[in-house]
Amino acid sequence: MSFLEVFQYTRQDSVIHKLDPRAKLFMSIVLAVVALMFLAIIPLLIIFCCLVPIIGAAKSLRRWSRSMRGLSILLIFIIIFNTLLSTQPNPFSHSLALTLRLVALMTSFSVFFLTVHPDELSQALIQMRVRFEFAFAMSMAMRYVPTLGQEAYAIMDAQKARGVELDKGNLLKRIRNIVPIIVPLIIVSIRRALSIAESMESRGFGANATRTYMNVLKFRKRDWAVVTVSLLVLVFVVYVRIFVPLPTWMLWQLPI
Amino acid sequence: MIFLENVHFAYDGLYTALRGVSLQIDEGELIAIVGSNGAGKTTLVKHLNGLLRPDLGRVILDGVDTKHNSVAELAREIGLVMQNPDHQLFLDSVEREVLFGLENLGYSKVEAKERCERTLNNLGLEGLSERSPFTLSGGERKRVALASVLATEPRVLSLDEPTIGQDARQKENLAKMLGELNKKGKAVIVVTHDIEFVIENFPRTVAMADGRIVADGPTNSVLSNNEVLERCSLTRPQLTEAARCLHNVFPEVPERLTLIDDLEAVVVKILGGG
């Protein structure tokens, strides 16, 4: 699951980390939309070449490349299956473009998730008029992912101690072995959710209808700059896409 | 039978939990492991059945290093009940939950059924065998988890905090069951903070602090040693405290007494009885 690393916040001291999460969200969405508007190798490569420096500015190139390596098996699968099953005139180039698009999409959202702390995210949502309860639920969900992982290991230990052989037997047996892990995991999670809810309520959660916040996000000049540039790029690309046909060199395809 | 030889262990290679622990466990022993939170007690018992492997040192079962044995293999010989029962219950009736472990270890249907019934009776669960474990109370779930391992009657049984959430009667029942297993020659190891439970049922106590064994010997001498109690953040047992008070008035009362019978004998003697 190493490819998920690219969606996990890492503490770094970088320009991108310091940006306002709302500006970053806008930038990520623009990058993703731009990637979705093209399905040819050259334009997607150009987008890709814009994304890599951004990841570099977030000081996360190594993490990103590790994730991409983890993803490579899936990417190869996509290429092979699309090439074999596609009805396009040039299936290989088409599936290559699809894969590039997937990588570009993942990368543009990873810029956001890599650099936004869960607390910042919920604060940004609140300031974007999302109700506090929903924003809070979301940051709680993110907070409990690692806890769930630890719990899974503890459950595996408990079942192994009862003689369950998790890594033995044929495929069917291994799949059946998931049951003693997954059932306690779900039950424990539900139990925990209920007890967290109870303990939150007994500590007065929701007692005040209007909340105030200690750290309020503020748009700075650099955030406005990012939003402006993103907006200009978006307008430009949409205009070009609608009114200007792509030059032929941009539609270049592999000869196979 | 089991011998831990100079075991060192650190979680993720970073968080040191055991710093050279050596422990010999023989057939038919009743051992309590006590110590403050974070002393390494749970880490130690997880080494017995191979859930954790020592970074340094060896775990030897019947003279053979267990490093090549899988946990499932070791589970036949060494039962371990973890602290949280919710980590192991997953079937839809108490009976099936107990049968599950027995079937894993390859007992025949008849024998498994028989053992299951006996264990449930001994733990006061007989009326609950058709219930879903998830509808039971915390204390009951704890006993179901215990039952599922107790039923397999392993040669060594280790229990991590078995008395949490149990009332006095359930503790007594548990102690009785452990005693019966022990009479059959099984070794029982219990990790606990419950000092009275230890004094009443466990002749040998191992005290741990900071990843090391600081005392290992007869319970009454380990638990009346002030230095050990201090290092393991344990409170002095009430009987020891009573003996100390009596000692101040009647010097013939020994300061270190942990068993009620001993104290009774001394008091009777002071009062001039026979």
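Protein sequences, first through last, are from chains A and B. The opening position of the first sequence corresponds to residue 1 in the working numbering, with each subsequent residue numbered one higher. The opening position of the second sequence corresponds to residue 1001 in the working numbering, with each subsequent residue numbered one higher. Quick reminder that beta carbons are idealized off the backbone N, C-alpha and C, glycines included.
For a cutoff of 8 Å on Cβ pairs, would you count D157 (chain A) as touching chain B? Taking 8 Å as the threshold, the shortest C-beta distance from D157 (chain A) to chain B falls below it.
How many angstroms separate the CA atom of S122 (chain A) from the CA atom of S1108 (chain B)? Each residue's Cα considered, the two are about 56 Å apart.
Taking 8 Å as the cut-off, does the stretch 6 to 13 of chain A touch the stretch 105 to 120 of chain A (at least 3 CB pairs, one atom from each stretch)? Look at the beta carbons and you see the stretch 105 to 120 of chain A touching the stretch 6 to 13 of chain A: at least three pairs across the two are nearer than 8 Å.
Is the stretch 1157 to 1164 of chain B touching the stretch 1190 to 1207 of chain B, taking contact as three or more C-beta pairs under 8 Å? Three or more beta-carbon pairs drawn from the stretch 1157 to 1164 of chain B and the stretch 1190 to 1207 of chain B are found closer than 8 Å, and the two stretches are therefore classed as touching.
Restricting to Cα atoms, I'd like to know which of B:G1272, B:R1058, B:F1197 and B:K1046 is closest to S1022 (chain B). The candidate whose alpha carbon is nearest that of S1022 (chain B) is B:R1058.
Chain B residues whose Cβ lies nearer than 8 Å to that of M164 (chain A): Going by the sequence as given, residue 164 (chain A) is Val instead of Met. Those are A1072 and N1104, listed as they occur along chain B.
Among A:Q88, A:C50, A:M142 and A:H94, the one whose alpha carbon lies nearest that of T107 (chain A): Closest option to T107 (chain A), Cα to Cα, is A:C50.
According to DSSP, simplified to helix, strand and coil, what is E1153 (chain B)? Look at E1153 (chain B) here: in three-state DSSP terms it is coil, with no helix or strand label.
Need the endpoints of the beta strand (DSSP E) that M1208 (chain B) sits in, please. R1204 to A1209 is the span of the beta strand (DSSP E), which, as asked, contains M1208 (chain B).
Name the residue from B:A1215, B:L1089 and B:L1159 whose alpha carbon lies nearest to the alpha carbon of I181 (chain A). For the residues B:A1215, B:L1089 and B:L1159, the minimum Cα distance to I181 (chain A) belongs to B:L1089.
Do the stretch 1035 to 1042 of chain B and the stretch 1200 to 1219 of chain B make contact, defined as three or more Cβ pairs closer than 8 Å? The answer is yes - the stretch 1200 to 1219 of chain B touches the stretch 1035 to 1042 of chain B, with three or more Cβ pairs under 8 Å.
Taking CB distances under 8 Å as the criterion, tell me whether D1086 (chain B) reaches chain A. Output row for D1086 (chain B): interface = yes.
Along chain A, in chain order, which residues have C-beta atoms closer than 9 Å to that of N1049 (chain B)? For N1049 (chain B), the residues of chain A that pass the 9 Å Cβ criterion are K160 and A161, in the order they occur in the chain.
Does DSSP classify R101 (chain A) as helix, strand or coil? Looking at R101 (chain A) - three-state DSSP - the assignment turns out to be helix.
What's the C-alpha gap between E1241 (chain B) and N1182 (chain B)? For E1241 (chain B) and N1182 (chain B), the distance between alpha carbons rounds to 30 Å.
The beta strand (DSSP E) spanning R162 (chain A) covers which residue range? Where R162 (chain A) is concerned, there is no enclosing beta strand (DSSP E), given that its DSSP letter is neither H nor E.
For a quick check, are the C-beta atoms of S93 (chain A) and K59 (chain A) less than 8 Å apart? Against a cut-off of 8 Å, the Cβ pair of K59 (chain A) and S93 (chain A) comes out as no contact.
Looking only at its own chain, which residues have a Cβ that is under 7 Å from the Cβ of G1101 (chain B), when we skip the five neighbours before and after it? Cβ neighbours of G1101 (chain B) within its own chain (closer than 7 Å, five residues either side excluded): S1148, V1149, A1151 and T1152.
Interface residues of chain A facing L1080 (chain B) [CB-CB closer than 7 Å]: The answer, in chain order, is A161.
For A152 (chain A): DSSP bridge partner residues: DSSP lists no partner for A152 (chain A).
Which residues in the same chain have their Cβ closer than 6 Å to the Cβ of A23 (chain A), if we skip the five residues on either side of it in sequence? So the list reads D223, V226 and V227, once near-sequence residues are dropped.
Could you please give me the residues that DSSP links to G1079 (chain B) through a beta bridge? DSSP lists B:L1157 as partners of G1079 (chain B).
Kindly indicate which three-state DSSP category H1008 (chain B) falls into: helix, strand or coil? Strand at H1008 (chain B).
In its own chain, which residues sit with a C-beta less than 8 Å from the C-beta of R101 (chain A), not counting the 5 before and 5 after it? The answer, listed in chain order, is A35, L36, F38, L39 and L44.
Whose Cβ in chain B lies nearer than 8 Å to the Cβ of P184 (chain A)? Those are D1086, H1087, Q1088, L1089 and F1090, listed as they occur along chain B.
So is R203 (chain A) buried or exposed if we call it buried at 16+ other beta carbons inside 10 Å? Burial call: exposed.
Contacts that R191 (chain A) makes with chain B (C-beta to C-beta distance below 7 Å): Chain-ordered, the chain B residues with CB closer than 7 Å to the CB of R191 (chain A) read D1086.
List, from N- to C-terminal side, the alpha helix (DSSP H) runs of 4 residues or more that fit wholly inside the stretch 105 to 131 of chain A. As for any alpha helix (DSSP H) of minimum length 4 sitting wholly inside the stretch 105 to 131 of chain A, the runs are 118 to 127, ordered along the chain.
Determine the DSSP secondary structure at F205 (chain A), reduced to helix, strand or coil. Three-state result, F205 (chain A): coil.
Beta-carbon contacts of N1049 (chain B) that lie in its chain and below 7 Å, excluding the five residues immediately before and after: Same-chain partners within the cutoff: V1071, L1074, A1075, I1078 and L1080.
Among A:V237, A:P255 and A:T248, which one has its Cα closest to the Cα of V33 (chain A)? The candidate whose alpha carbon is nearest that of V33 (chain A) is A:V237.
Same chain, Cβ closer than 6 Å to L1128 (chain B), neighbours up to 5 away in sequence not counted: Counting only Cβ-Cβ distances below 6 Å, and skipping sequence neighbours, we find V1094.
What span of residues does the alpha helix (DSSP H) with G1101 (chain B) cover, start to end? Where G1101 (chain B) is concerned, the enclosing alpha helix (DSSP H) stretches over V1094 to N1104.
So with Cβ pairs under 8 Å, would you call I175 (chain A) a contact of chain B? Taking 8 Å as the CB threshold, I175 (chain A) stays off the interface with chain B.
Would the beta-carbon of R162 (chain A) fall within 8 Å of that of D1086 (chain B)? Not a contact, by the Cβ cut-off of 8 Å.
Proximal chain B residues relative to I187 (chain A), where beta-carbon distance stays under 7 Å: From the beta-carbon of I187 (chain A), the residues of chain B found nearer than 7 Å are D1086 and F1134.
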